[in-house]
Structure formats: structure tokens, C-alpha cells
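Some notes on the structure that comes next.
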Amino acid sequence: MWPIYFFFSFFMFLGIFFMIFSPSWVIIWIGLEMNLFGFLPLMVDMKENQTLEATMKYFLIQAFGSGMFLGGSFFSLIFLETWFSLSLTSNNYFPDILLFLAIAIKMGLAPFYIWLPSIMSSISWSNCVLLNTFQKIGPMLLFTKFFSFNTVSMVMISMSTLVGGVMGVIQTQIRTIMAYSSLVHLGWILALGMFSMYGMIQYMTIYFFLSSSIFLYCMKPNLSRFSLKSPKALILIISFLSLGGLPPMSGFFMKWVGMKILMSQTHLLLNLTLILGSVLSLFFYLNLLFSWISFYPKQKFPTFDKKDLSMLCFSGLGLSLLF
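When the sequence shown is numbered by numbering that gives the first Met the number 0, its final residue is 322 and no position is left out of the sequence of numbers.
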């Protein structure tokens, strides 16, 4: 079983490599397909009908986005007369629009986010890690690399942040909360990528680590018996608060640096929108944590061994040293 998982995982990561370093729109499309068909077998669980439905839904959405991307590549060929070019056409916007929409659909940017919460709520925790991190690397880098900051991109980034914040408030399941939270952070990552690739990579690294630590902790079979006596439970709480941007944790510092970068570009409205989405996300993180803690009012503060303590520091404060 493990060789099969390793093969498809390698195929998926090879697709990401093709997307990042490709000299042609068509080869980028091939990378998108390799990434998709490497991830689909990892999603499938023949014992769970809900997982099979989510896999089919994900395939249809991604196939539609890939078809639109291939169409944009084809029209780009017509106008540029070569497959091996990553230039966007300057005399006709139709190929550019197709490529833009295709990438937005594939990474779940608002208003094309509807598929993301339903799929994430139906797959395993380990697949949530892949869907929330590695499956978005390629589309995010393509979006920030080839599309300039304009009114349309600003509206979609702002919409993604606000929708994620507002819709996350009314959710009760961790998977759907994390799905809408990813929309908020997606807005931050794309906004930073338009002006600072270094800032974008910093934010991505911290977000991927924190969200993955939450998903991996939630893989525990006895999560319903959440115990504050466990050091790992406190690590989970710290990770949630850090994602929400509560100072002085690493999530606060990554947002603070992001605000400085955007303010230096005089994008006050976008900055305010991102801050509002982050405040809403902090609210539903706190709401989730308080609902947990209220069931265990008499539990004592946990004790830590060296491994748990180092993990706690890394989750809460250690990553702030990157800044």
C-alpha cells in the first residue's frame, strides 16, 4: 500500500514542479493534470460513499478549470503563434480572462469557492492537509506571477477574505471552519504575492505549518474526548489563536508584515478588508475554543516534556523569528 501512496504523492509533487518551472502554458496545463491525477487516488476511500462523492465532485470542478485553462492556452497560441511562451496577450483579453478564471476556479478563490467547504468536510484529515496546502501552491504562484494587481483581482481577493470571515462565523464543524479560514488566508497570500514574493512565501510557510498541525492533531480517533490535560491540546489551541492573528504569536507577525507591505503600496482599502476578514476569523476560532473549554472547566493545566514544549514554542512564537 505504501509504494502506491508514494508513487501518487511523487506524481502530485512532480506536477507542482512542472507548474512552477514550466516555459509554456501547455506544460503548465500538463503539470496541473499531473497534480490532479496524483491527488485523486489519495482521496478515494472505497468504504466511504461520502468520500467517493467528494472525489467525483473535486474531479469535475478541477477538470472544468483545466479545460478552461487549456482553452486559454489554445487561444494564446493563436495570438502569439507559439506554444512556448508565457506572455499574456496584449491585443486581446479573451485568453487572459480564460486563464485567470481557470486558476481562480482551481484554487477556490471567491466567488468560485462553493466546492471547497463541501469537499473538505467529506474527506479524511490527512487529505485535508494536502488539499489545504500542496494543492494550492501551483495555482497561487501562477496567479501572482502572471496576473498584475488590478480592480478585478482586488475585488476577488477582498471578496474571498470577507466571505471566508463571514461564513466561518456560522460554522460548527472543524473541517468547514478551516475551509472558510483558508479563504481568508488565501486573500492575504495573493495580496502579498502581488507586491512581495518573499512576504508571500513567509506567510504561506507559516500558514501551511499551523493549519497542517491542526489537521494532524484532529486525526486522533478520540477527538470527541478533548482533554486539556494533554500538551498537544494546548498546542492545538495555540495554533488556532496564531492562525487568527492574536499577538504575540507567529500568525500576528505574519499579518503585521503583510499590512506593512500593503501600506507601503498605499492600498488602504484592501488592507482594511483583509484586517476585517482576519478579525472575523479570530472570532470564530475563539468561539470554537471557548465551546471546547467550557465542557472541561475543572481540568488542570497540562505538564510538558521537552518535545511538546519545543513544539508549543514553534507553533506560537518560534516562527516569528523569521521576521
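From the three backbone atoms N, C-alpha and C, an ideal C-beta is built for every residue, glycine too.
{"Check": "Counting only the same chain and skipping the five closest in sequence on each side, list residues whose C-beta sits under 8 Å from that of Ala262.", "Outcome": "Note that residue 262 is Met in the sequence shown, not Ala. Answer for Met262: Asn270, listed in chain order."}
{"Check": "Which value, in whole angstroms, describes the spacing of the CA atoms of Ala53 and Met11?", "Outcome": "18 Å"}
{"Check": "Nearest to Ile173 by alpha carbon, out of Asn149, Ser120, Met199?", "Outcome": "Ser120"}
{"Check": "Identify whether Tyr112 lies in helix, strand or coil by the three-state DSSP scheme.", "Outcome": "coil"}
{"Check": "Under DSSP, the alpha helix (DSSP H) around Pro247 begins and ends at which residues?", "Outcome": "Unbroken run through Pro247: none, as it is neither H nor E."}
{"Check": "Between which two residues does the alpha helix (DSSP H) holding Thr385 run?", "Outcome": "The structure shown does not extend to residue 385, since the chain is modelled only from 0 to 322, so the question has no answer here."}
{"Check": "Taking buried to mean at least 16 other C-beta atoms within 10 Å of its own C-beta, is Thr272 buried or exposed?", "Outcome": "buried"}
{"Check": "Would you call the CB atoms of Trp124 and Phe68 closer than 9 Å?", "Outcome": "no"}
{"Check": "Do you know how far the Cα of Pro2 is from the Cα of Ile200?", "Outcome": "31 Å"}
{"Check": "Answer yes or no: do Leu268 and Gly244 have a C-beta to C-beta separation smaller than 9 Å?", "Outcome": "no"}
{"Check": "Here's the rule: buried if 16 or more other CB atoms are within 10 angstroms of the residue's CB, otherwise exposed. What is Phe133?", "Outcome": "buried"}
{"Check": "Quick one: Cα of Ile156 to Cα of Phe111, how far?", "Outcome": "12 Å"}
{"Check": "By how many angstroms is the C-alpha of Met33 removed from the C-alpha of Leu97?", "Outcome": "20 Å"}
{"Check": "Flag this pair as yes or no: are the beta carbons of Gly276 and Gly164 separated by less than 9 Å?", "Outcome": "yes"}
{"Check": "Within 10 Å of its beta-carbon, does Ile15 have 16 or more other beta-carbons around it, so buried, or fewer, so exposed?", "Outcome": "buried"}
{"Check": "Hey, Ser180 and Phe251: beta-carbon distance below 9 Å or not?", "Outcome": "no"}
{"Check": "Could you give the C-beta distance for Ile27 and Phe36, rounded to a whole number, given that I count them as a contact under 8 Å?", "Outcome": "No, Ile27 and Phe36 are not in contact; Cβ-Cβ is about 15 Å, not under 8 Å."}
{"Check": "Would you call Asn126 buried or exposed, if buried means 16 or more other Cβ atoms sit within 10 Å of its Cβ?", "Outcome": "buried"}
{"Check": "Can you give me the C-alpha to C-alpha distance between Lys194 and Ile188, rounded to a whole angstrom?", "Outcome": "Before going further, note that residue 194 is Phe rather than Lys in the sequence given. Spanning the two alpha carbons is a distance of roughly 10 Å."}
{"Check": "Does at least one heavy atom of the ligand PLP sit under 8 Å from the Cβ of Gly243?", "Outcome": "Of ligands this structure carries none, so the ligand PLP is not represented either."}
{"Check": "What span of residues does the alpha helix (DSSP H) with Val183 cover, start to end?", "Outcome": "173 to 192"}
{"Check": "Please determine, among Phe38, Gly30, Ser21, Leu31, the residue with the shortest C-alpha to C-alpha distance to Phe6.", "Outcome": "Phe38"}
{"Check": "Could you compute how far the alpha carbon of Ile237 sits from the alpha carbon of Pro246?", "Outcome": "11 Å"}
{"Check": "Nearest CA to the CA of Gly64: which residue from Lys105, Phe93, Phe214, Ala232?", "Outcome": "Lys105"}
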